[in-house]
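S.K.: Numbering (the working numbering), first residue to last: 988 to 1333. One structure is given below, represented as structure tokens, and several questions about it will come after.
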């Protein structure tokens, strides 16, 4: 069985990292095909793998499976196209948008599975398999020893992580960023992680200081481990943080408001942080309940389960007789982005 990873964004690398590790351990054959932007920034530890340079090389590689932590994939690549999602954005309508690129949707938990199974009954041509989201393995297995020393964060400071979504209708940065420098306490160190698609006009005014650091790394995982409290909105990072059983403050979140303290005004932020630090276990049971719906599998073996599930699909020929729609408009989009944008669609 040959597997191709199709990567259009650098932040997708932690999603596939545990899958790659498992494939190495089990001697599977795999390769990568990335956007030009990602290719220019490939971390040194990934250079030992096989990276295909163009669409013709992917055709010659002839993968059985194409694993995609994103919304689009080049239709010219052979093999079963598998959507594993780029986040746990279960509240966002785009999470459930069928673009007719994929043969298999690997869902994170019952909440998403139910919605995709309803879509499957209408569309009929794709399969829905609940495997769990592979980045959860990465979060659980991340080497968290002495992270404060590694990232030069004072040991006597509480760490507050602010990670808003980029979505214009859901983002909190415009409201919260202006007040953050004014509410930081002496015993706190703040980390700010902005999505690469965030409107630059919103964040240009904030600068690094002795108590604020803007994170530019593509992988937020070490900072999830470092943080005592997460501040966000309707970003899927909330569920990544919940895996570590730590408190969350959300700003006007659009769903599951009781996963932490949800505030409606920026003036409420300081009090919410204080409350979270004072009693970090206040919403523990809520976190457990939500994860049971969104990603109940936290055994660190999601990647193994994913590959096993996909192998069964191949071996049992479960997609026999199922054909995707012609999808001309989306195919033209892919070709346009390749020729004129020098990259691939998000």
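The C-beta atom is built at its ideal place from N, Cα and C for all residues, glycine as well.
My parser needs the alpha helix (DSSP H) runs of 4 or more residues fully inside the region 1292 to 1326; what are they?
M.R.: Runs found: 1315 to 1323.
S.K.: Tell me the DSSP secondary structure of residue 1063 in three-state form.
M.R.: Mapped onto the chain shown, residue 1063 falls at position 76. Three-state DSSP puts residue 1063 in coil, outside helix and strand.
S.K.: Could you tell me which residues DSSP puts in a beta bridge with residue 1200?
M.R.: As a working mapping, residue 1200 is identified with position 213 in the chain shown. 1178.
S.K.: Identify whether residue 1334 lies in helix, strand or coil by the three-state DSSP scheme.
M.R.: What the structure shows of the chain is the stretch from 988 to 1333, and residue 1334 is not part of that stretch, so it cannot be assessed.
S.K.: Ordered along the chain, which non-local residues of its own chain (more than five positions away) have a Cβ less than 7 Å from that of residue 1129?
M.R.: Translated into the one-based positions of the chain shown, residue 1129 becomes position 142. Cβ within range, chain order: 1208, 1209, 1212.
S.K.: So for residue 1236, helix, strand or coil by DSSP?
M.R.: Working through the chain shown from its first residue, we reach residue 1236 at position 249. Residue state, collapsed to three classes: strand.
S.K.: What did DSSP end up calling residue 997 once you bin it into helix, strand or coil?
M.R.: Within the chain shown, residue 997 is the residue found at index 10, counting from 1. Residue 997: helix per DSSP, three-state reduction.
S.K.: Quick one: what does DSSP say residue 1399 is sitting in, helix, strand or coil?
M.R.: Because the chain spans 988 through 1333 in this model, residue 1399 falls outside it and cannot be assessed.
S.K.: For residue 1334, list the residues DSSP reports as bridge partners.
M.R.: No answer is possible for residue 1334: the residues shown for the chain start at 988 and end at 1333.
S.K.: For residue 1333, count neighbouring Cβ atoms within 10 angstroms of its own Cβ and tell me buried if that reaches 16, exposed if not.
M.R.: Mapped onto the chain shown, residue 1333 falls at position 346. Per-residue confidence for residue 1333 stands at a pLDDT of 49, beneath the threshold of 50, marking its modelled position as unreliable; no derived number is given.
S.K.: Taking DSSP's pairing of strands, which residues face residue 1028 in a bridge?
M.R.: Taking the first residue of the chain shown as position 1, residue 1028 is located at position 41. Note: residue 1028 sits in no beta bridge, so no partner.
S.K.: As a quick exercise: from 1290, 1182, 1314, pick the residue whose alpha carbon is nearest that of residue 1094.
M.R.: One-based indexing of the chain shown puts residue 1094 at position 107. If we check each option's Cα against that of residue 1094, 1290 comes out closest.
S.K.: For residue 1090, collect the residues of the same chain with a Cβ closer than 8 Å to its Cβ; drop the 5 residues on either side in sequence, then sort them by chain order.
M.R.: Translated into positions along the chain shown, residue 1090 becomes position 103. Excluding sequence neighbours, residue 1090 sits near 1067, 1068, 1069, 1112, 1113, 1114, 1306, 1309, 1311.
S.K.: Quick check: the Cα distance between residue 1264 and residue 1200, rounded to an integer number of angstroms?
M.R.: In the chain shown, residue 1264 corresponds to position 277, counting from 1. In the chain shown, residue 1200 corresponds to position 213, counting from 1. About 20 Å.
S.K.: By how many angstroms is the C-alpha of residue 1028 removed from the C-alpha of residue 1276?
M.R.: Counting from one through the chain shown, the residue named residue 1276 turns up at place 289. Counting from one through the chain shown, the residue named residue 1028 turns up at place 41. The straight-line gap from Cα to Cα measures roughly 38 Å.
S.K.: Is the region 1217 to 1230 close to the region 1186 to 1200, with three or more CB pairs under 8 Å?
M.R.: The region 1217 to 1230 is not in contact with the region 1186 to 1200.
S.K.: What's the gap between the Cα of residue 1124 and the Cα of residue 1288?
M.R.: Indexing the chain shown from 1 puts residue 1124 at position 137. Indexing the chain shown from 1 puts residue 1288 at position 301. Looking at the two C-alpha atoms, the distance is approximately 7 Å.
S.K.: Among the candidates 999, 994, 1014, 1098, whose CA atom is the shortest distance from the CA of residue 1294?
M.R.: As a working note, residue 1294 is residue 307 in the chain shown. Ranking the options by Cα distance to residue 1294, first place goes to 1014.
S.K.: Touching or not, the region 1143 to 1151 and the region 1171 to 1189, by the rule of three or more beta carbon pairs under 8 Å?
M.R.: The region 1143 to 1151 is in contact with the region 1171 to 1189.
S.K.: Suppose you measure from the CA of residue 1324 to the CA of residue 1173; what does that come to, to the nearest Å?
M.R.: Along the chain shown, read from residue 1 onward, the residue named residue 1324 stands at position 337. Along the chain shown, read from residue 1 onward, the residue named residue 1173 stands at position 186. Taking the straight line joining both Cα atoms gives about 48 Å.
S.K.: With C-beta atoms as the reference, is residue 1006 less than 7 Å away from residue 1121?
M.R.: Residue numbering aside, residue 1006 sits at position 19 when the chain shown is read from its first letter. Residue numbering aside, residue 1121 sits at position 134 when the chain shown is read from its first letter. Yes. Within cutoff.
S.K.: For residue 1266, name the three-state secondary structure that DSSP assigns.
M.R.: In the chain shown, residue 1266 corresponds to position 279, counting from 1. Three-state DSSP puts residue 1266 in coil, outside helix and strand.
S.K.: Among 1132, 1002, 1161, 992, whose alpha-carbon lies nearest the alpha-carbon of residue 1052?
M.R.: Here residue 1052 refers to the residue found at position 65 of the chain shown. Among 1132, 1002, 1161, 992, the Cα nearest to that of residue 1052 belongs to 992.
S.K.: At the level of alpha carbons, what is the spacing between residue 1054 and residue 1071?
M.R.: Looking up residue 1054 in the chain shown gives position 67. Looking up residue 1071 in the chain shown gives position 84. Cα-Cα distance, rounded: 7 Å.
S.K.: What do you get for residue 1297, buried or exposed, if any count of 16 or more other CB atoms within 10 angstroms of its CB means buried?
M.R.: As a working mapping, residue 1297 is identified with position 310 in the chain shown. Buried, since its Cβ has 16 or more Cβ neighbours within 10 Å.
S.K.: Return the chain-ordered list of same chain residues with a C-beta closer than 8 Å to the C-beta of residue 1281, the five sequence neighbours on each side being excluded.
M.R.: The residue given as residue 1281 occupies position 294 in the chain shown. Within the same chain, residue 1281 has close Cβ partners 1075, 1077, 1095, 1096, 1098, 1099, 1226.
S.K.: Can you list, in chain order, the residues of its chain with a C-beta nearer than 6 Å to that of residue 1118? Leave out the 5 residues immediately preceding and following it.
M.R.: Working through the chain shown from its first residue, we reach residue 1118 at position 131. Here the set comprises 1093, 1292, 1293, 1296.
S.K.: Alpha carbon to alpha carbon, how far is residue 1198 from residue 1175?
M.R.: Within the chain shown, numbered from 1, the residue matching residue 1198 stands at position 211. Within the chain shown, numbered from 1, the residue matching residue 1175 stands at position 188. Approximately 7 Å between the Cα atoms of the pair.
S.K.: Residue 1019 and residue 1047 look like a contact to me (Cβ under 8 Å); what is the Cβ gap, rounded to whole Å?
M.R.: Here residue 1019 corresponds to residue number 32 of the chain shown, with the count starting at 1. Here residue 1047 corresponds to residue number 60 of the chain shown, with the count starting at 1. With a Cβ gap of about 15 Å, residue 1019 and residue 1047 do not count as contacting.
S.K.: Just the C-alpha distance for residue 1086 and residue 1170, rounded to the nearest angstrom, thanks.
M.R.: By 1-based counting over the chain shown, the position of residue 1086 is 99. By 1-based counting over the chain shown, the position of residue 1170 is 183. Roughly 44 Å between the two C-alpha positions.
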